[in-house]
Structure formats: C-alpha cells, structure tokens
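Take a look at the structure below.
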Amino acid sequence: MPCWQSSRLPRSDSIAPSTRKIIDHHQNLEQTMNTPVSTLRADLSEKIVAARSYGLAQQALMQAIVDQRLPHIVNHGLDLARIAAAIFRGTSPESTRVEEDLTPQLIEGTAEFLGLYAYIKQTEKLLNEWLQSTVRKDVSPILQHVDRVLGMEGDPRFDLYVVAGREADEVARHLRDRGYSRVLEWQQICGANDSTTLDAKRTEAALDGISDLSSCRPGRVWLLWGEGAECPESARASLDEQLRKAFMNRNTVGSLGERWSRQFIANIPALARRGRNLGDLTNAFAGSGAVIVGAGPSLDEGIAWIRGQKVKPLVICSYKAVRALVQGGVTPDLIVMLDPKQGLHHLADLDLSGTAAIVSEVAVDPAALSANDIPILPYCSGTDTHNLVAALGSFEVPIIRSGGSVLHIALQIARLIGCARVTFAGVDFGFPNERLYANGAGQGDELILADDRRSYVRRAVDGNHRSGMLVGAVANDGTVIATTVELNHYRAWTEQFVRDSKRHGLNTDFFNASRMGARIEGVEFVADLATHVISTVSVDAERVIDHLSALVGAAEIEKPVAMRLREKAQKLRALSRTCRKAATVARDEKATDTKIYGRVAEQAEDCPEVSLALTRNLQIIDEQMKRSTVDAPQRLRELAAVTGEEAQRIAALYSSAAQRLRRRVSAQEK
4 MPCWQSSRLP RSDSIAPSTR KIIDHHQNLE QTMNTPVSTL RADLSEKIVA
54 ARSYGLAQQA LMQAIVDQRL PHIVNHGLDL ARIAAAIFRG TSPESTRVEE
104 DLTPQLIEGT AEFLGLYAYI KQTEKLLNEW LQSTVRKDVS PILQHVDRVL
154 GMEGDPRFDL YVVAGREADE VARHLRDRGY SRVLEWQQIC GANDSTTLDA
204 KRTEAALDGI SDLSSCRPGR VWLLWGEGAE CPESARASLD EQLRKAFMNR
254 NTVGSLGERW SRQFIANIPA LARRGRNLGD LTNAFAGSGA VIVGAGPSLD
304 EGIAWIRGQK VKPLVICSYK AVRALVQGGV TPDLIVMLDP KQGLHHLADL
354 DLSGTAAIVS EVAVDPAALS ANDIPILPYC SGTDTHNLVA ALGSFEVPII
404 RSGGSVLHIA LQIARLIGCA RVTFAGVDFG FPNERLYANG AGQGDELILA
454 DDRRSYVRRA VDGNHRSGML VGAVANDGTV IATTVELNHY RAWTEQFVRD
504 SKRHGLNTDF FNASRMGARI EGVEFVADLA THVISTVSVD AERVIDHLSA
554 LVGAAEIEKP VAMRLREKAQ KLRALSRTCR KAATVARDEK ATDTKIYGRV
604 AEQAEDCPEV SLALTRNLQI IDEQMKRSTV DAPQRLRELA AVTGEEAQRI
654 AALYSSAAQR LRRRVSAQEK
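This is the structure in structure tokens:
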C-alpha cells in the first residue's frame, strides 16, 4: 500500500509541534483528494488534475514525516512534492476565473477546484513551517539549511542551483544525488582573481555543459551560499541575463521558424537565377588583406582611412553598415546578410554597381535580396534552413555557423577565401559614447539607457526589440564602454575564432582599427591608422565572382527547378488533406489515442517547411507537457488542424515561386 494511503499515524507525545499540525491536517486532505473529477472545460480540468497531483504528493510527504521515515525517503517525498508544486503553478491557478454563463458542471468544477486550492495552500504552509522549525534527525545542518531556503518553491527539474561556501561540494553532490540536474558550483563561474564577481567566459562555458538549458527560466536561479552568507546581487543578475540569452536563442527558432520557411521559398527564384557556388571561392584571394566593416560608431573615423588606402583591399561589409560606407565614398565588395528580419531600407536608393556579391543566408528578407541583380553567394546559418534547401533537392548550399553575429560570417568568409590580413573597422561590441551605430548605419534604430546606466532598451525599425542588463567592457582607447551580455558573447566567439586560427597554424594576422570599440583579445590594436596597411595585394572581386560556377544552370536547368516546386506544392496539399481528415475523425469519434495522426506524421517528414513554420506551436505543447498536465488528444486535434492550414499556405508559396521561374524561362526562350 502506498504511504499516502496508509492510515498509520504516530501517537508519541515526543512529536514536534509542526509535525502534530501535519497529523491534524492529514485526514481532511486525504478525504479531499479522493473526490471524483468532473468532466469539465479543458483548462479547468487541467488545473484540477494538477491540484490533485500536488495534493497527493503533499499527502505522501506528510505520511513519510509522521511515520518518521528515513531521511532519504522524506527527501524523495519532498522533491516529488516540489515537482508537483511546479506543475501546479504551471497551470496558473491564480488566474482561474468564474464564467458568466455558469452551468451546473462548471459550478461544481469551480467549487471543487477552489476547495482543492484551499487545502493544498494550507498544507503548503504547514510543510514550510515544518521545514523552517524542525531539526531533522540524521540530516546535516547545511542540508537542512538548503531545504529551508528552497521551501516548496524549488523545481528539481528546471531550476538552476548555484552553491558556494565551505560545504559547496557536499551540497552539490547531495542535490545531484537527489536528481537536481542543473547544479553549478560558484568556483566554476567566479573570477579567477576575484571570487566575489562572476566571470562571463567561465559562466558561459559552465552553462554550455547543462543539458536543455533553455528550459531553465530567468528568475529561477537559486543561490545557495550557506547559512549566514549572502551572494552578491550582481551575480544573480548576471546569471539571469545568461539564462535570458539561452531562452532567447530557443525562442529565436520559435519566432523565426515561420519567417524562415516563407522567406526561403520566396527567395528561390533569386537564388536560382543569381546564385553562385560559395565553395568555389576557396583561397580565391590568397595572400590578400580584407577589412571587415561593422556598423559601430567607431566606423565614423575609419571610412576616410579605408577610402584612402593606396592598395585596394577586399571590403567585407555587414548589412547594416552598407549605407554608412557607401555614403562615405567606399563601395563594399561583399555584403554579408544574416538576420531574416532586416528589411530593404538598409540598401534602398544606394548605388551598389561596384559590389561583387551578396553573401546571404537563404532566408533573408526577399525584398532586400531581390532589390538588385548582384550575384548571390548563399549559405545556411544552421540545420533549420539547411533542411529546407535539402528538401527542395535542386541545389546545394553550405552551412556556415556563427555565434549569432553577421560579423562571424564575415570572419569565416575571410578565412575561406585565404586572406592573410584581416582588419576590423566599426566592430565595437558595445556602445561607444552611448551610441548604437555609425552615422548613416542602422537607420531608425534607437538605444535607450536607464538613468542608472544599468539596463537598456533597444528598438529597431525591423522589429528586433531587445532589452536587458548593461555591463562594462574596456575599449581600445582605455575607456570603459557600455555593452550587453549578448555583445560580450559575440566578442568572446570572435576571440575564440582568432585563437583557433592561430592554433591550427593558419597564417592570418588580425588587427583592430576600432579605437572606441571593445578590446578583442588576441587581436592587435591599430593605434595609428595612418601607418596601417589593410592589404599589400590589390584585388578585383568582381572579376573573381564572375568566374564562379552558377548555383543553378541556365534556363534549361531552371525548368526542373520549377517542376520541383510544383511537386512540393502537391505534397503539401496532400498533407493538408490528411490533416483535415485526421482532425475530423478525431472530433467525430472523440479519439483518445494518437494512432490517427500516424499518416500525418509520415507525410510531414517530407515537409520540413511546415514543422519549421509551426515550431512555436510545437514548443508551446512541449512546454505544457513539461510544466503541467496536458489534454494531449485535444492539443493534437488542434495541431492537426493548424498544420493542415499551414501546409495549404506554404503550398501556395511554392506555386507562386514556380510561376515566377516559369515566366522567367518563357521570357528567355522568346
């Protein structure tokens, strides 16, 4: 018989007062937990199920306490109760509302939930009192202190626990033995020379070793410093910012999945007509020098210097810096694009006649990619967009990964083409003079700093709004500039790239001409621009690009591409029909299993565009399954219906792309 079903209660007069309260409360709770659940609206039913699970876990823990079970059994019960509490909180019980149109069932269900809620909150209070006041036999003082700090709030599955102090090893080992999977020791992440501060690089490395870090939410960090000790508040803020970044990376796929799918399909005609094979550029500029141009404020004093170079260097320019560069009289050879949200306005009305190529992620804004006839060197920034290219099957595009910045793509292009010297200009990794961009760059974007200069809000015309904590970075001119955890991460990635290049014996020298920008470890700062030569070898990028092989051949090759697009549209329409059928059958037959979705899953494997577009929907279901109970059949019915609608929309996009290609072929034939 499970311990929560046992009626054995101790009668000893030696029981602590907090335990006696639990005994008095125990039998009332047991009766409440055994009341049948009504058939109700899904969200209310979900809350009742979660409340019951939490109540049963509380009951089991109380039984273990009053039976004076061994410490490891009580600990196990305590952790199960914490998990059940987290699941219960995931249903947002405080948001339960009384419907205007009350049916007898809703009245009964709402009353049932409110009764459960009252009992479990009362029990929760008693359990917290027990944790705070009871001296537990055979449990060390430090471990009792940890449980008192966590109370019933800690979530063993998803919260992050940082331990410090003399007994940190004991606490970390104990938590891991109990199944707490995200435990860090302060010594792993603090400064090597200052143990009171958080080291950004060491923290990032430690967090990289935590599985599924994005499931740990900002604000869910426990700093266990030992009894009587306190953690620096700055450490908590820094850890929260790191978790916010991890969560943001996860949400990037969710928020951009639909955009990636739609924009890639819209870009197919331009890629087929103007695409060139990026791999053909390997060592094409061997021995030359390149300047990688960022959009930072320090570019203001670098444009004239670039323009005045006696030997023309290869100019590799980030997308947002193009306008500032062109208005300053410098034509970029290669324009690098990564962000799918950045629109045409960064290129609008600019004369790019001397630009050799656009190095573009396949899913950038179609308006920006189609605004000119410049050759395209396409790449994929990750497996998500690469799967779209592979599913089309009409051309091959390499994956170029980055740490999140377009400058990382530019660096890897410079390495690919064989540059012997790479100089950074306008690569600031921060906000010199509290500015976002150089004059003319990032038009319309706005940076707002808090009065205390500890936080910021960044508003972009393209919709990439961000906010967070500000930290300091030492600039090349010796000042300290404001920056963000995200920009620090980009800088750390760049530093690692430089270290790896040197370790692997690549003969590339790196220079930093951004006087007001952050120092980049391993990159020589150019204090006197007048004496620095970007390249000793003149380059003709347009001539080199003209000799590259085409991504797709001439009109006779484009015909099969158009046919392939029509085939994709047909597959998607078939998937849409299957989804509608599955949703109808599930609704009519009130299916309680997932067998009817087998055909949907089978067809969807050939349609990565749909699953990518619906990433956010899938994440929501996954989140609900992790953090609360879920009416799976109902969720799947909803997902099948949405999948069918999305498949139909994407089929229309493929058909439109096929028509544009077909019109192009017909025009060439005439």
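Using my numbering, you'd call the opening residue of the sequence shown number 4 and step up by one each time.
Every residue gets a Cβ at the ideal spot worked out from N, C-alpha and C, and that includes glycine.
None of the values given here were measured: they were computed from a predicted structure.
Span separating the alpha-carbon of residue i from that of residue j
i              : j              : result
threonine 486  : threonine 388  : 30 Å
alanine 423    : alanine 417    : 9 Å
serine 143     : isoleucine 192 : 26 Å
isoleucine 653 : arginine 72    : 60 Å
leucine 642    : asparagine 375 : 39 Å
valine 474     : glycine 429    : 20 Å
glutamine 135  : glycine 471    : 35 Å
isoleucine 319 : arginine 169   : 52 Å
lysine 323     : glutamate 437  : 18 Å
arginine 176   : glutamate 524  : 36 Å
glutamate 605  : leucine 578    : 9 Å
methionine 340 : glutamate 233  : 46 Å
glutamine 345  : glycine 297    : 15 Å
leucine 281    : isoleucine 377 : 14 Å
glycine 601    : serine 405     : 36 Å
alanine 502    : glycine 407    : According to the sequence displayed, residue 502 carries arginine and not alanine. Straight-line Cα distance between these residues: approximately 18 Å.
leucine 656    : alanine 544    : 35 Å
valine 526     : proline 159    : 43 Å
glycine 647    : proline 435    : 49 Å
valine 483     : valine 52      : 54 Å
aspartate 211  : lysine 204     : 11 Å
arginine 262   : glycine 443    : 27 Å
Residue span of the beta strand (DSSP E) that contains residue i, given as start and end
i              : result
asparagine 515 : 512-515
leucine 201    : Element bounds for leucine 201: n/a, residue is neither H nor E.
threonine 426  : 424-428
serine 363     : 360-364
arginine 462   : 458-462
leucine 450    : 449-452
glutamate 188  : 186-188
isoleucine 319 : 317-321
tryptophan 225 : 224-227
Residue i, buried or exposed, once every other Cβ within 10 Å from all chains shown has been counted against 16
i              : result
arginine 311   : According to the sequence as given, residue 311 is glycine; it is not arginine. Exposed, by the Cβ-count rule.
asparagine 3   : Because the chain spans 4 through 673 in this model, residue 3 falls outside it and cannot be assessed.
lysine 124     : exposed
glutamate 95   : The sequence given here places serine at residue 95; glutamate does not occur at that position. Exposed, because fewer than 16 other Cβ atoms sit within 10 Å of the Cβ of serine 95.
glycine 229    : buried
alanine 121    : exposed
glycine 112    : buried
alanine 63     : buried
isoleucine 110 : exposed
aspartate 2    : The chain is shown only over 4 to 673; residue 2 falls outside these bounds and no answer can be derived.
isoleucine 338 : buried
glutamate 364  : buried
CB of residue i within 9 Å of CB of residue j, strictly
i                 : j                 : result
serine 301        : serine 517        : yes
isoleucine 309    : valine 325        : no
leucine 554       : arginine 279      : yes
tyrosine 440      : glycine 305       : no
phenylalanine 398 : alanine 275       : yes
leucine 163       : tryptophan 225    : yes
glutamine 651     : arginine 576      : yes
leucine 615       : phenylalanine 500 : no
leucine 380       : valine 362        : yes
glutamine 190     : serine 184        : no
Terminal residues of the alpha helix (DSSP H) in which residue i lies
i                 : result
phenylalanine 500 : 488-506
valine 174        : 171-180
threonine 388     : 386-395
arginine 676      : The chain is shown from 4 up to 673; residue 676 falls before or after that span and cannot be answered.
alanine 476       : Taken as a continuous stretch (DSSP letters only), alanine 476 belongs to no alpha helix (DSSP H), being part of the beta strand (DSSP E) at 469-477.
serine 136        : 107-136
valine 409        : 409-419
glycine 601       : 601-607
leucine 81        : 74-93
leucine 380       : Note, leucine 380: premise wrong, no alpha helix (DSSP H); beta strand (DSSP E) at 379-382.
isoleucine 306    : 306-310
isoleucine 145    : 144-153
Given 8 Å, three or more beta-carbon pairs between the stretch 365-378 and the stretch 265-272: yes
Stretch pair the stretch 333-343 + the stretch 353-363: three plus CB contacts closer than 8 Å: yes
contact_flag[the stretch 422-437, the stretch 533-546] where n(CB pairs < 8 Å) is 3 or more: yes
Cβ contact check for the stretch 438-457 and the stretch 488-504: 3 or more pairs under 8 Å: no
Segment contact flag, the stretch 449-468 with the stretch 501-517, C-beta cutoff 8 Å, min 3 pairs: no
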